[in-house]
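Participant: First, the structure itself, so that you have it in front of you.
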Amino acid sequence: MFTYTIRRLLIAIPTLLVISLIIFLVVTLAPSDPTANLPLSIPSEVRAQMREALGLNEPILVRYLLWLRQFFLYEPLHMMDQAFGLSLAGEDMQRILSWQTRSPVADLIVQRLPQTLWVVGTSYVVGVLIALPIGIVSAYRQYSWFDQIGTFVSMVGFSVPTFFTGVLLIVIFSVHLGWFPSIYDTTLRVTDLSTFWLQIKQMIMPVAVLALYNAAQISRFMRASMLDNLNQDYVRTARAKGMTERVVVLLHVLRNSMIPVVTVIALGVPTVFGGAIITEQVFKVNGIGQLLIIAIQGGDVPTVQTLTFIFAVLIVLFNLIADVLYGLLDPRIRYD
1 MFTYTIRRLL IAIPTLLVIS LIIFLVVTLA PSDPTANLPL SIPSEVRAQM REALGLNEPI
61 LVRYLLWLRQ FFLYEPLHMM DQAFGLSLAG EDMQRILSWQ TRSPVADLIV QRLPQTLWVV
121 GTSYVVGVLI ALPIGIVSAY RQYSWFDQIG TFVSMVGFSV PTFFTGVLLI VIFSVHLGWF
181 PSIYDTTLRV TDLSTFWLQI KQMIMPVAVL ALYNAAQISR FMRASMLDNL NQDYVRTARA
241 KGMTERVVVL LHVLRNSMIP VVTVIALGVP TVFGGAIITE QVFKVNGIGQ LLIIAIQGGD
301 VPTVQTLTFI FAVLIVLFNL IADVLYGLLD PRIRYD
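Just so you know, the UniProt record's numbering puts 80 at position 80 of the sequence shown, and the rest follows in order with no gaps.
Next up, the structure:
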C-alpha cells in the first residue's frame with residue numbers, strides 16, 4: 001500500500017504539470033484584457049505601461065515558469081511565514097497577485113474558504129449521510145413504497161437545477177412565510193447562542209438545495225451497487241450459514257457495495273472547495289465559487305488560473321484517496 005501510494009504521488013507530478021500547462025494556455029490565450037474595465041480617458045501609453053508592469057509583454061513560456069515558481073515555491077513559503085511567524089520568504093519572492101484587487105490570490109481564497117466550507121461542506125456531509133441509508137433501504141426493499149418514494153425524490157433532486165430549487169425555496173420560505181433570510185450574511189460572526197441560531201437559519205436553505213442534489217446522485221449509486229451484491233453467491237452462503245440479516249446486509253453486502261460509491265463521494269469532495277457556483281450566486285454566499293465568477297467577469301487571469309489549478313490538484317488527490325480506500329474496503333485488492 002505504501003509503495004503504491006508513493007508511486008501514484010510520483011505519477012501525479014507530471015500529470016499536474018501537464019494540467020497546469022493546459023490551464024495556463026487556455027486562460028492566457030483567452031481574449032481578455034486586464035485594462036478593459038478601466039476608464040476610456042486613460043491614455044493608451046499608460047495602458048501599455050500597466051500591461052508591462054503586469055508582465056504581459058513577457059513570452060508565454062517565461063510567464064508560465066514564473067507562475068509555477070510562485071505557486072509551488074513562493075506561495076507555500078509566504079503562507080508558512082503567516083501561519084507560524086517565520087521568515088522563510090524573501091522580499092524578492094513576489095506572490096501571485098490578483099489583477100482586480102492587487103491582493104495575493106491565496107489571501108483572497110483563505111478569506112472566502114470559511115463561507116464555502118460552512119455552506120457547501122455542510123451540505124455535502126448532510127447529503128452523504130442522507131443518501132447512504134436511503135440507498136441501502138431502497139435496494140433491500142426493492143419496489144416497496146419506500147423505494148418508489150426514494151426513486152421519485154432522487155429523480156426530482158437530480159433533474160431539477162439547483163438555481164430553480166433555490167429560487168423556489170426563497171419564494172416560499174423567505175417571501176411568503178418569512179422563516180429564513182433570502183440573502184446569506186457573510187459579515188455575521190457567531191459569538192453567542194442568538195447569533196448561532198441566525199447562522200443556522202441562513203444556512204438551512206442553501207444547505208437543503210445542495211444536500212438534495214448530492215443525496216439524489218449518491219443514493220442512486222448506492223442503490224444500484226447494493227442490488228448488484230444482494231444477488232451474489234456469497235450472500236446466499238452467508239445466509240445459509242445462519243448469519244442474521246443485519247450482519248449479512250450491513251457487514252458483507254454494504255462493505256462490497258461501498259467500493260464504487262467511494263469513487264463518487266471522493267470525487268465529489270473537490271466540489272466543496274470549488275463551491276456550488278450557481279447556489280452561491282442565488283443566495284449571495286461570498287464563497288470561492290463567487291470569487292471565481294467575479295475573476296472570470298473581470299478578466300483576472302492569475303485568480304482564475306490559480307483557482308482552476310487548485311481544483312485540479314484536489315481532484316487528483318482525492319482520486320488517490322479513493323484508490324487507497326478500495327484496499328481497505330476489499331482485502332482482495334492488492335497494490336504491492
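Even glycine gets a Cβ: it sits at the ideal position worked out from N, Cα and C.
Considering only residues of the stretch 64-144, which uninterrupted alpha helix (DSSP H) runs meet the minimum length of 4 residues and lie entirely inside it, listed in chain order?
Facilitator: Whole alpha helix (DSSP H) segments, 4+ residues: 75-84, 105-116, 122-140.
Participant: Does DSSP put K201 in a helix, a strand or coil?
Facilitator: In the sequence shown, the residue the question calls residue 201 occupies position 201. Helix at K201.
Participant: If you draw a straight line from the C-alpha of V167 to the C-alpha of P206, how long is it?
Facilitator: Along the sequence shown, one-based indexing puts residue 167 at 167. Along the sequence shown, one-based indexing puts residue 206 at 206. Each residue's Cα considered, the two are about 10 Å apart.
Participant: Would you give the residue range spanned by the alpha helix (DSSP H) that T279 belongs to?
Facilitator: Taking the first residue of the sequence shown as position 1, residue 279 is located at position 279. Element bounds for T279: 277-283.
Participant: What first and last residue would you give for the alpha helix (DSSP H) that runs through R239?
Facilitator: Here the question's residue 239 lines up with position 239 in the sequence shown. Residues 233-240.
Participant: Looking at V301 and R27, is the spacing between their C-beta atoms short of 8 Å?
Facilitator: Within the sequence shown, numbered from 1, the residue matching residue 27 stands at position 27. Within the sequence shown, numbered from 1, the residue matching residue 301 stands at position 301. Correcting the residue identity first, residue 27 is Val in this sequence and not Arg. Yes, they are a contact pair.
Participant: State the DSSP-derived secondary structure class of residue 342, mapped to helix, strand or coil.
Facilitator: An answer regarding residue 342 cannot be provided, because it is not within the stretch 1 to 336 covered by the chain.
Participant: Kindly indicate which three-state DSSP category I293 falls into: helix, strand or coil?
Facilitator: Position 293 of the sequence shown, counted from the start, is the residue given in the question as residue 293. Correct three-state label for I293: helix.
Participant: Please look up how many angstroms separate the CB atoms of G289 and T122, rounded, as I've assumed it's under 8 Å.
Facilitator: If you number the sequence shown from 1, residue 289 lands on position 289. If you number the sequence shown from 1, residue 122 lands on position 122. Incorrect: roughly 15 Å between the Cβ atoms, too far for contact.
Participant: I believe V253 touches M226 by the beta-carbon criterion, under 8 Å. Please report the beta-carbon distance rounded to the nearest angstrom.
Facilitator: As a first step, residue 253 is located in the sequence shown; it is residue number 253 there, counting from the start. As a first step, residue 226 is located in the sequence shown; it is residue number 226 there, counting from the start. Between M226 and V253 the Cβ distance is about 6 Å, and since that is below 8 Å, they are a contact.
Participant: For the alpha helix (DSSP H) containing P260, list its first residue and its last residue.
Facilitator: Position 260 of the sequence shown holds residue 260. From DSSP, the alpha helix (DSSP H) with P260 extends over 254-268.
Participant: Nearest CA to the CA of T15: which residue from I315, V324, L325?
Facilitator: Against the sequence shown, residue 15 aligns to sequence position 15. Out of I315, V324, L325, I315 has the C-alpha closest to the C-alpha of T15.
Participant: Indicate whether A312 and I130 have their beta-carbon atoms separated by less than 8 Å.
Facilitator: To locate residue 312, count along the sequence shown from 1; it is residue 312. To locate residue 130, count along the sequence shown from 1; it is residue 130. No, Cβ-Cβ distance for A312 and I130 is not below 8 Å.
Participant: Considering only the alpha carbon of each residue, which of Y326, Q100, V120, E75 lies closest to A106?
Facilitator: The sequence position of residue 106 within the sequence shown is 106, counting from 1. Closest by alpha carbon: E75.
Participant: Leaving out the 5 sequence neighbours to the left and right, which residues in its chain are closer than 6 Å to A211 when beta-carbon positions are compared?
Facilitator: Position 211 of the sequence shown holds residue 211. Counting only Cβ-Cβ distances below 6 Å, and skipping sequence neighbours, we find S123, V126, G127.
Participant: State buried or exposed for G287, treating a residue as buried only when at least 16 other CB atoms are found within 10 Å of its CB.
Facilitator: Numbered from its first residue, the sequence shown carries residue 287 at position 287. Result: buried.
Participant: Assuming P306 and I96 make a contact with CB atoms under 8 Å, what is their CB distance in whole Å?
Facilitator: Stepping through the sequence shown from its first residue, residue 306 is reached at position 306. Stepping through the sequence shown from its first residue, residue 96 is reached at position 96. The sequence given here places Thr at residue 306; Pro does not occur at that position. Confirmed, about 6 Å.
Participant: Using a Cβ-Cβ cutoff of less than 7 Å, which residues in the same chain neighbour I265 once the five nearest sequence positions on both sides are dropped?
Facilitator: Within the sequence shown, numbered from 1, the residue matching residue 265 stands at position 265. So the qualifying residues of the chain are V128, I218.
Participant: Please go through the same chain and pick out, in chain order, the residues whose beta-carbon is closer than 6 Å to the beta-carbon of V262, but skip the five residues on each side of it.
Facilitator: Taking the sequence shown and counting its residues from 1, one reaches residue 262 at position 262. Excluding residues within five positions, the ones whose Cβ falls inside 6 Å are A322, L325.
Participant: Which residues bound the alpha helix (DSSP H) around V167?
Facilitator: Position 167 of the sequence shown, counting from 1, holds the residue named residue 167. Here the alpha helix (DSSP H) through V167 covers 162-169.
Participant: N231 and N256 look like a contact to me (Cβ under 8 Å); what is the Cβ gap, rounded to whole Å?
Facilitator: Indexing the sequence shown from 1 puts residue 231 at position 231. Indexing the sequence shown from 1 puts residue 256 at position 256. Not quite, the Cβ-Cβ distance comes to about 12 Å (not below 8 Å), so this is no contact.
Participant: With DSSP run on the structure shown, which of helix, strand or coil describes E45?
Facilitator: Taking the sequence shown and counting its residues from 1, one reaches residue 45 at position 45. E45 falls in the helix class under three-state DSSP.
Participant: Just to check my reading of the structure: V304 and I296 have Cβ atoms closer than 8 Å, yes? What is that Cβ distance to the nearest angstrom?
Facilitator: Your numbering for residue 304 matches position 304 in the sequence shown. Your numbering for residue 296 matches position 296 in the sequence shown. Their Cβ separation, rounded to whole angstroms, is 6 Å, which keeps V304 and I296 in contact under 8 Å.
Participant: Check the C-beta distance from I149 over to F180 and give it rounded, since I have them as a contact under 8 Å.
Facilitator: In the sequence shown, residue 149 corresponds to position 149, counting from 1. In the sequence shown, residue 180 corresponds to position 180, counting from 1. Their Cβ separation, rounded to whole angstroms, is 25 Å, which puts I149 and F180 out of contact at 8 Å.
Participant: Apart from the five residues just before and just after I134, which ones in its own chain have a Cβ nearer than 6 Å to its Cβ?
Facilitator: By one-based count along the sequence shown, residue 134 stands at place 134. Cβ neighbours of I134 beyond the five flanking positions: G150, S219.
Participant: So, helix, strand or coil for V316, using DSSP?
Facilitator: Locating residue 316 in the sequence shown gives position 316, where the first residue counts as 1. DSSP places V316 in helix when its eight states are reduced to three.
Participant: Since I believe F163 is in contact with V282 (beta carbons under 8 Å), could you give me their beta-carbon distance rounded to a whole number of angstroms?
Facilitator: The residue given as residue 282 occupies position 282 in the sequence shown. The residue given as residue 163 occupies position 163 in the sequence shown. Right, their Cβ atoms sit about 6 Å apart.
Participant: Answer yes or no: do V248 and A240 have a C-beta to C-beta separation smaller than 8 Å?
Facilitator: As a first step, residue 248 must be located in the sequence shown, where it is residue number 248. As a first step, residue 240 must be located in the sequence shown, where it is residue number 240. No, the pair does not count as a contact, with Cβ atoms beyond the cut-off.
Participant: Drop a sphere of 10 angstroms on the beta-carbon of T279, count the other beta-carbons inside from all chains shown, and report buried for 16 or more, exposed for fewer.
Facilitator: Within the sequence shown, residue 279 is the residue found at index 279, counting from 1. Answer is buried; the Cβ neighbour count reaches 16.
Participant: Would you mind working out which of G298, L132, L10 sits nearest R102, comparing C-alpha positions?
Facilitator: Along the sequence shown, read from residue 1 onward, the residue named residue 102 stands at position 102. The residue with the shortest Cα to Cα distance from R102 is G298.
Participant: So, for L251: in the same chain, excluding its five sequence neighbours on each side, which residues have a beta-carbon less than 6 Å away from its beta-carbon?
Facilitator: Counting from one through the sequence shown, the residue named residue 251 turns up at place 251. Nothing meets the Cβ criterion.
Participant: Are R112 and L291 closer than 8 Å when you measure CB to CB?
Facilitator: As a first step, residue 112 must be located in the sequence shown, where it is residue number 112. As a first step, residue 291 must be located in the sequence shown, where it is residue number 291. Yes, these two residues count as a Cβ contact at 8 Å.
Participant: Alpha carbon to alpha carbon, how far is V137 from R246?
Facilitator: In the sequence shown, the residue the question calls residue 137 occupies position 137. In the sequence shown, the residue the question calls residue 246 occupies position 246. Those two C-alpha atoms are separated by around 12 Å.
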